[in-house]
Amino acid sequence: MKIPNIIRFFQNLWMHPRRIGRISAPHIALIVMSLTLTLSVWQFSKAQIASRTQARFDTSVSRLVDLIEDRMSLHEDALWAGVSTIESHGGDISRDRWQAFTKTLRLEEKYPGITGIGVIHFLNANSVGDYLKTRRLERAAFDIFPRHDHRDIMPISFIEPEAENTAALGLDLAHEANRRTAAIASRDTGTAQISGPIVLVQDKAQTPGFLFYAPVYHATEANDGDARPLDAVGAVYAPFVVHKLIEGLLAKERRHVHFSISDQDVTLYDEHLNTDAANDPDPMFATQVALHMYGREWLLDMRSNAAFRLQNSYAQPTIILLAGLTIEGLIIVLLIMMSRANAYSERYADKVTAQLKLQTQDLKNTNQELEQFAYVASHDLKTPIRGIAGLTEMIREDLEGYFASPSNNPEVGHNLDRIMDRVARMNALTQGIMELSKTGTDAADQPKLELQEAVDALVLDFELDQTAIKLNTRVSSIAFDPFNLRRILENLIGNAIKYHDGKRPLLITLEAAQADDRCRISIHDNGPGIDPRYHTRIFNMFQTLRLNGAAESTGIGLAIVKKAVERHGGRITVISPPEGGVLFAFDWPLFGSPSPTHLQKKAA
């Protein structure tokens, strides 16, 4: 909407409000509340901005602390790499091999801020002579200095790059308390340690620094407790000038925080200088962070700088107010447009509701038709079933003379009996489907399912050897919904037969055990099993895992099994046991309906 149109709109709203649309009392209340909220936000925006600015400062502080810790951790890794190199050479190393090792580190490229990396040895008065002979074979003028009265002797044997650190070669670190204390702590604890503030002998500027130690032992790993000092060979160490270490972290001009580092009231590094153009003499935020660093505690004094102030000015409340008022105008326009559309929306909603009611009724009618279809289909199946039964009886009557003759074959009568048995079971099946489609509940007037009789019937139905199905049960019969339970057993055992690979005689083990008012039933075959990837998929409707040479399946059987079990408050599982085959297990009510307790546990 263009600006002239907006002006014209508000003119019409003022002069002819009914032409624009109705604004109800709730709408007016909403506008008043929104305006009040805008003014409140404007009033308290400074406090909110200050809070967000504090969060930015805290983030900058946290980032800087993380950078310092990460940089020290990186240098620690370099020290431990040196320790591993020395220990891989039997606990000692020559000058040439140390030089070769340090070249692989690429110190200037990968470890900015480090002055060098070297090796010190832990000696005593008895071992100094042999030590000097070894060192002087490498460097004739090598000597230990300065002399002191402390019993520990810790000379610097090597340091690279050697040219910049020549003044440190032979320096006995035990002559000075901070150097000595950190070295001994590293030796005795087996951990990396840094020293208190020192001035490096190779630093001509005489600026604050410290030493970083990692101990070396005779064994591959340091001994524990009191044995560490006796097993110590020396240490890999690195000297640091603090301002060089910080310069390698993050350029000052890219930071919004200046800081200083102190160790026991000794300032190691300080950016709070009035001569620095980025320094803020009255910082917006300041904090102190105690950083525990390898046996020392550094105190970081963090202050926001001029760049931080520039990027966090307080001009935003005015912008918030102007934006809020603009939004108020847009809200008024939107409410008017909504009031116009409201009536249309209500009419449309009524229309959609009516359509949904019709669709819902159609769905109900469809469900009823499907149930009626299942009933009619099952009912119509009875006619051909009765016809088969009648024809079978007629055949039996026609063969009465044959049955009475000496030459009759007993198998003929036996086969006629089997036909009648299957006719009876087909009739029971159709009757069960009819009852289910009419009521949606299980038939309760059926006789108990005798498990042994069911197994015998399955052996007969599937024409199996008597030993093919093994029954292990303490439950002789099950009274609850035997019709559906029989269908479950037929499906699972039928699948075991259908997918058996024939590599060994078929063996199906059926087990049943009582658990409270339910029965735990399992069926385990010795077939090829089922890949665990398909254990969930096989229960989906129309999903089959057909093997080569196996009979084609509709993919409905296991879906029916799952639905029947779950409808009775149970759960069916499938596993592939280590001994082979596949095992299906489910629980089934022994009598009555599923207990409320069991259904609650299943839902949970």
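If you read the sequence shown in the numbering used here, its first letter stands for residue 54, the second for the next number, and so on.
Even glycine gets a Cβ: it sits at the ideal position worked out from N, Cα and C.
Taking the beta carbon of residue i as the centre, do at least 16 other beta carbons fall within 10 Å, making it buried, or is it exposed?
i, result
"Asp318", "exposed"
"Ala153", "exposed"
"Leu387", "exposed"
"Ser239", "buried"
"Lys615", "buried"
"Gly171", "buried"
"His467", "exposed"
"Val136", "buried"
"Pro642", "buried"
"Val405", "exposed"
"Phe644", "exposed"
"Gly622", "buried"
"Asp534", "buried"
"Asn179", "exposed"
Among the options, which one has its Cα closest to the Cα of residue i?
i, options, result
"Leu559", "Met473, Cys572, Thr340, Gly634", "Gly634"
"Val508", "Lys501, Leu542, Pro535, Ser575", "Leu542"
"Ile538", "Leu502, Tyr552, Lys556, Asp569", "Before going on, a small fix: residue 538 reads as Leu here, not Ile. Comparing Cα-Cα distances from Leu538 to each of Leu502, Tyr552, Lys556, Asp569, the minimum goes to Leu502."
"Ala227", "Glu217, Phe175, Glu213, Tyr184", "Phe175"
"Leu302", "Glu122, Arg540, Phe639, Arg620", "Glu122"
"Arg624", "Thr589, Met125, Gly377", "Thr589"
"Asp474", "Ala510, Pro500, Pro437, Gln499", "Ala510"
"Leu222", "Ala230, Ser210, Val512", "Ser210"
"Phe338", "Asp415, Phe361, Asp323", "Phe361"
"Ile212", "Asp149, Glu229, Thr234", "Asp149"
"Ala230", "Gly243, Ile247, Pro214, Thr242", "Ile247"
"Gln107", "Val85, Ser366, Asp451", "Ser366"
"Glu215", "Val295, Gln255, Ala236", "Gln255"
"Leu132", "Thr155, Ser147, Thr328, Phe312", "Thr155"
Look at the alpha carbon of residue i and the alpha carbon of residue j, and state the distance between them as a whole number of angstroms.
i, j, result
"Leu326", "Ile251", "22 Å"
"Ser104", "Phe97", "11 Å"
"Ile206", "Arg192", "19 Å"
"Tyr184", "Thr340", "50 Å"
"Gly493", "Ala442", "Low local confidence applies: a pLDDT of 38 at Gly493 is under 50, so the model's placement there is unreliable, with the coordinate-based value given in what follows. Going by the C-alpha atoms only, they are around 29 Å apart."
"Ala612", "Leu545", "11 Å"
"Asn8", "Phe456", "Outside the shown range of the chain (54 to 657) lies residue 8, about which nothing can therefore be said."
"Asp316", "Gly249", "7 Å"
"Ile591", "Met125", "57 Å"
"Gly74", "Val310", "Low confidence applies to Gly74: its pLDDT is 48, below 50, so where it sits in the model is not reliable enough to give any reading."
"Val476", "Asp433", "15 Å"
"Ala100", "Ser357", "18 Å"
"Asp584", "Ile628", "9 Å"
"Met447", "Pro437", "15 Å"
"Thr219", "Ile299", "24 Å"
"Ser529", "Glu506", "10 Å"
"Leu513", "Lys417", "43 Å"
"Asp470", "Arg449", "10 Å"
"Leu83", "Arg393", "17 Å"
"Leu411", "Gly382", "43 Å"
"Arg109", "Ala330", "22 Å"
"Phe639", "Val465", "40 Å"
"Gln352", "Asp241", "The identity of residue 352 in the sequence shown is Leu, whereas the question assumes Gln. Leu352 and Asp241: Cα-Cα distance of roughly 26 Å."
"Arg557", "Arg571", "34 Å"
"Phe637", "Ile574", "8 Å"
"Glu129", "Thr89", "58 Å"
"Asn332", "Val114", "16 Å"
> Would you call the segment 252 to 270 and the segment 290 to 304 in contact, with 3 or more CB pairs under 8 Å?
Replying inline: As far as the Cβ criterion goes, the segment 252 to 270 touches the segment 290 to 304, which means the pair count is three or higher.
>> Ignoring anything shorter than 3 residues, give me the beta strand (DSSP E) runs that lie fully in the segment 167 to 229, in order along the chain.
In response: DSSP runs (the beta strand (DSSP E)) wholly in the segment 167 to 229: 170 to 174, 209 to 213.
> Which whole runs of the beta strand (DSSP E) in the segment 309 to 354 are 3 residues long or more, in chain order?
Replying inline: Inside the segment 309 to 354, DSSP marks whole beta strand (DSSP E) runs of 3 or more residues at positions 310 to 316, 319 to 323, 339 to 346, from first to last along the chain.
>> Would you call the segment 108 to 128 in contact with the segment 344 to 363, where contact means no fewer than 3 C-beta pairs closer than 8 Å?
In response: Touching, yes.
> Does the segment 154 to 170 come within contact of the segment 191 to 204, defined as at least 3 CB pairs closer than 8 Å?
Replying inline: With the cut-off at 8 Å, the segment 154 to 170 and the segment 191 to 204 do not touch.
> Taking one C-beta from the segment 580 to 589 and one from the segment 543 to 562 each time, how about it: are there three or more such pairs within less than 8 Å?
Replying inline: Taking 8 Å as the limit for Cβ pairs, the verdict is that the segment 543 to 562 does touch the segment 580 to 589.
> Are the segment 561 to 575 and the segment 522 to 541 in contact at 8 Å, needing three or more beta carbon pairs?
Replying inline: With the cut-off at 8 Å, the segment 561 to 575 and the segment 522 to 541 touch.
> Should the segment 370 to 378 be regarded as contacting the segment 139 to 151, the criterion being three or more beta carbon pairs within less than 8 Å?
Replying inline: Here the segment 370 to 378 does not lie against the segment 139 to 151, with fewer than 3 beta-carbon pairs under 8 Å apart.
> Which runs of the alpha helix (DSSP H), 4 residues or longer, sit entirely within the segment 556 to 596?
Replying inline: DSSP runs (the alpha helix (DSSP H)) wholly in the segment 556 to 596: none.
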